[in-house]
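Enquirer: Numbering (this note's numbering), first residue to last: 1 to 672.
Backbone N, C-alpha and C fix where the C-beta goes; we use that ideal spot for every residue, glycine too.
Remember, predicted model here, so these are calculated numbers, not experimental data.
Before anything else, here's the structure in question.
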């Protein structure tokens with residue numbers, strides 16, 4: 001089979017490829033995220049793991065006979081498009097199976113590429129991936145890192161995208177059946193091509209499709225990162241669209257160097273933000289301040305070099321061209337298994353405390369999955385099977401509409417990010433009261449295990465707190481669909497935000513949101529044995545008073561909670577005014593609780609010494625006494641203050657009205 005060539009100036013194959021890559025990344029995101037969420041709600045894996053069977057979808061290609069590539073390819077696109085259109089309407093296990101089926105259909109379609117008689121070529125596939133990255137960035141920029149085409153709020157946009165993709169099929173696919181060609185190339189070459197392809201798709205999925213992932217790792221500038229990656233991909237597309245010839249071919253050696261620089265920058269950025277944790281209850285606490293701009297340079301450099309994935313994908317499809325669907329089935333399956341394993345390893349570096357001996361091997365190894373992905377990008381290019389795939393040129397027929405589309409998408413993304421990140425409103429200079437809320441958002445999940453960021457946002461708006469402590473914000477990881485939850489809430493509410501323990505440190509995330517500017521932010525790490533214990537700290541100025549804010553989420557045995565409580569009391573000591581909040585995972589009367597209440601006052605007991613309080617007027621049926629919840633003995637979510645505050649109001653609202661599995665607890669404070 002000879003490699004098909006696109007008509008000069010015809011951008012339709014590249015645009016169709018863009019929608020297919022975009023849908024695959026979106027379906028993969030919701031598939032992995034939903035499996036994790038349902039496992040989280042049950043605290044153990046269950047029937048949702050059956051969704052992983054869709055990794056085996058490439059085996060369908062083994063049953064493809066003569067003349068099958070076209071109908072198998074078209075049928076796979078139909079399944080993928082239908083799944084993508086249905087996802088905004090589904091929840092729970094149904095969503096897992098729909099997203100899994102759509103992602104599996106993409107794998108079957110890849111087994112059929114390139115199609116004889118079509119205008120889909122390695123070049124159009126590479127350019128399509130670049131457009132897909134830009135589209136994902138744009139959708140997330142306008143959604144404050146949440147993809148606006150996903151979820152129930154994005155159903156119309158999702159259907160419009162599917163309609164566009166279906167329309168593009170007419171001008172890109174062959175019009176008649178073709179016979180199945182004999183297998184081309186070697187098995188080793190096909191496996192190498194698949195490993196290269198899925199390593200780059202892993203990079204797109206885990207890093208490039210949502211720049212907020214990286215900026216949340218490091219605390220670097222989201223706008224700067226988005227500008228760099230948008231310009232990098234945009235310029236590559238414009239260069240290609242104009243049909244400009246490169247001075248020299250892009251050889252294998254040049255591509256190896258480019259990949260090595262990209263992977264080195266990515267891993268170096270992670271290692272620069274890696275922290276060492278206290279190794280015993282008596283060890284000194286570790287205080288980590290936000291990193292300065294030189295520490296962010298590797299990630300900015302990584303964004304600049306990121307278009308290497310475009311040419312890697314071109315090389316992968318060039319190497320694999322000519323093989324039958326049957327010959328591609330096992331290599332594509334191996335590539336997909338590699339992508340899933342890398343994703344699970346990334347999740348396990350955070351959930352290490354629940355994995356037994358394996359977990360301790362993965363503790364503080366956030367870099368490890370990216371080292372493996374980097375190896376998958378480099379090793380195939382070093383094998384001798386790649387001689388036939390080079391030189392790879394960066395030129396071709398002019399595709400002017402594609403260049404215009406790239407510029408428009410890039411500008412759309414930048415406009416969205418700038419609009420959504422507009423400054424927080426100025427608070428009152430001297431408010432009479434402060435409303436403080438502690439909120440364990442359980443990674444944006446409701447009690448049924450469904451994504452619920454918008455429901456939680458509506459609840460936060462209703463409470464209208466001045467200061468919010470988020471726990472389990474677990475920002476920007478596969479388990480949360482690569483959404484930066486603190487950013488999402490802060491930009492939608494118009495608050496200042498500090499996400500303290502970055503994702504690299506492997507905590508479940510404590511973030512502080514405030515109407516008042518946050519000063520001197522920092523993170524305190526204390527001894528841990530299951531989850532890393534990172535406490536977010538910041539200061540605010542209200543009415544001429546400086547207030548220290550602490551947001552806590554310790555977890556583990558009593559010695560861990562006691563070490564955290566001792567550190568909290570010590571760090572609060574320098575402040576005349578203190579507000580500390582969080583999910584302490586300990587009951588009233590425990591040693592850790594007593595350590596804190598020896599110095600600070602718990603707002604609930606200050607308001608209701610007997611342990612029970614009246615219902616909130618907006619949620620009268622969701623209060624402890626109406627839900628068989630003994631708040632006097634079962635509560636673990638607390639707000640503590642220094643003695644110079646008095647409590648005006650205090651409430652607990654339980655699930656499901658709290659829009660998470662934890663009670664939402666807030667208190668209204670004023671100075672004595």
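1) List the endpoints of the continuous alpha helix (DSSP H) containing residue 93.
2) Using C-beta distances below 7 angstroms, list every residue in its chain close to residue 271, excluding the 5 sequence neighbours before and after it, in chain order.
3) Within the same chain, show all residues whose beta-carbon is closer than 7 angstroms to that of residue 329, passing over the 5 residues directly before and after it, in chain order.
4) Could you check the C-alpha separation between residue 264 and residue 282 for me, to the nearest Å?
5) Cβ of residue 399 within 8 angstroms of Cβ of residue 165?
6) Among the candidates 206, 319, 258 and 94, whose CA atom is the shortest distance from the CA of residue 193?
7) Cutting at 7 angstroms between CB atoms, please list the residues of its own chain near residue 341, excluding the five before and the five after it.
8) Per the DSSP calculation, residue 438 is bridged to which residue(s)?
9) From the DSSP output, which residues share a beta bridge with residue 581?
10) Could you compute how far the alpha carbon of residue 206 sits from the alpha carbon of residue 590?
11) Given that a residue counts as buried once 16 or more other Cβ atoms are within 10 Å of its Cβ, and exposed if not, what is residue 574?
12) Among 439, 29, 599 and 307, which has the Cα closest to the Cα of residue 259?
13) Spell out a yes or no on whether the stretch 501-508 and the stretch 148-162 are touching, meaning 3 or more CB-CB pairs, one atom from each, closer than 8 angstroms.
14) How long is the line joining the alpha carbons of residue 383 and residue 211, rounded to whole angstroms?
15) For the beta strand (DSSP E) containing residue 274, name the first residue and the last one.
16) Counting only beta-carbon separations shorter than 8 angstroms, does residue 586 have a partner in chain C?
17) Secondary structure at residue 306, three-state DSSP: helix, strand or coil?
18) Would you check if the distance between the CB atom of residue 470 and the CB atom of residue 510 is smaller than 8 angstroms?
19) Which class does residue 260 belong to by DSSP, given the choice of helix, strand or coil?
20) Tell me whether residue 452 is buried or exposed, calling it buried when 16 or more other Cβ atoms sit within 10 Å of its Cβ.
21) In chain order, what residues of the same chain have a beta carbon less than 7 angstroms from the beta carbon of residue 291, not counting five sequence neighbours either side?
22) Closer than 8 angstroms is the cut-off here; do at least three beta carbon pairs connect the stretch 435-442 with the stretch 658-668?
23) If I follow the unbroken alpha helix (DSSP H) through residue 411, where does it start and stop?
24) State whether the stretch 515-525 contacts the stretch 222-237, with contact taken as three or more CB pairs (one from each stretch) at a distance under 8 angstroms.
25) If we count the other Cβ atoms within 10 Å of its Cβ and call it buried at 16 or more, is residue 564 buried or exposed?
26) Short of 7 angstroms in beta carbon distance, which residues of its chain neighbour residue 97, apart from the five on each side in sequence? Order them along the chain.
27) Determine the direct distance from the alpha carbon of residue 659 to that of residue 119, and round the result to whole angstroms.
28) Report all residues from its chain with a CB closer than 6 angstroms to the CB of residue 533; omit the five preceding and five following residues, and keep chain order.
29) So for residue 250, helix, strand or coil by DSSP?
30) Determine the DSSP secondary structure at residue 17, reduced to helix, strand or coil.
31) What is the DSSP secondary structure of residue 79, reduced to helix, strand or coil?
32) DSSP has residue 645 in a bridge; who is on the other side?
33) Could you check the C-alpha separation between residue 198 and residue 370 for me, to the nearest Å?
34) As a quick exercise: from 430, 420 and 540, pick the residue whose alpha carbon is nearest that of residue 493.
35) Cutting at 6 angstroms between CB atoms, please list the residues of its own chain near residue 6, excluding the five before and the five after it.
36) With a Cβ-Cβ cutoff of 8 angstroms, do residue 302 and residue 266 count as a contact?
Expert: If we stick to the structure as given:
1) For residue 93, the enclosing alpha helix (DSSP H) starts and ends at 92-111.
2) Answer for residue 271: 367, listed in chain order.
3) Taking residue 329 as the centre and dropping the five residues before and after it, the same chain places the C-beta of 58, 59, 61, 62 and 111 closer than 7 angstroms to its C-beta, in chain order.
4) Cα atoms of residue 264 and residue 282: separation of roughly 36 angstroms, rounded to the nearest angstrom.
5) Taking 8 angstroms as the cut-off, the Cβ atoms of residue 399 and residue 165 do not count as close.
6) Residue 319 is the option with its Cα nearest to residue 193.
7) Same-chain partners within the cutoff: there are none.
8) In DSSP, residue 438 forms a bridge with 469 and 665.
9) Residue 581 pairs with 551 and 639.
10) Roughly 41 angstroms between the two C-alpha positions.
11) Exposed, since its Cβ has fewer than 16 Cβ neighbours within 10 Å.
12) By alpha-carbon distance to residue 259, the top candidate from 439, 29, 599 and 307 is 307.
13) Segments in contact, no.
14) Answer to the nearest angstrom: the Cα atoms are 32 angstroms apart.
15) Unbroken run through residue 274: none, as it is neither H nor E.
16) Included in the structure is just one protein chain, with no chain C present.
17) Residue state, collapsed to three classes: coil.
18) Against a cut-off of 8 angstroms, the Cβ pair of residue 510 and residue 470 comes out as a contact.
19) In this structure, residue 260 counts as helix in the three-state DSSP scheme.
20) That one is buried.
21) If we look at residue 291 and ignore the five residues flanking it on each side, its Cβ neighbours are 218, 219 and 273.
22) Contact between the stretch 435-442 and the stretch 658-668 is present, because at least three Cβ pairs lie under 8 angstroms.
23) Residues 400-420.
24) The answer is no - the stretch 222-237 does not touch the stretch 515-525, with fewer than three Cβ pairs under 8 angstroms.
25) Buried.
26) Closer than 7 angstroms at the Cβ level, and outside the excluded window around residue 97, lie 51.
27) The straight-line gap from Cα to Cα measures roughly 49 angstroms.
28) Around residue 533: 526, 554 and 564.
29) DSSP places residue 250 in strand when its eight states are reduced to three.
30) Three-state DSSP puts residue 17 in a helix.
31) When DSSP states are grouped into helix, strand and coil, residue 79 belongs to the helix group.
32) Its beta-bridge partners are 671.
33) Straight-line Cα distance between these residues: approximately 13 angstroms.
34) The option with the nearest alpha carbon to residue 493 is 420.
35) For residue 6, the pLDDT reaches just 41, beneath the cut-off of 50, and the residue's location in the model is therefore unreliable, leaving the point undetermined.
36) Yes, the pair counts as a contact, with Cβ atoms nearer than the cut-off.
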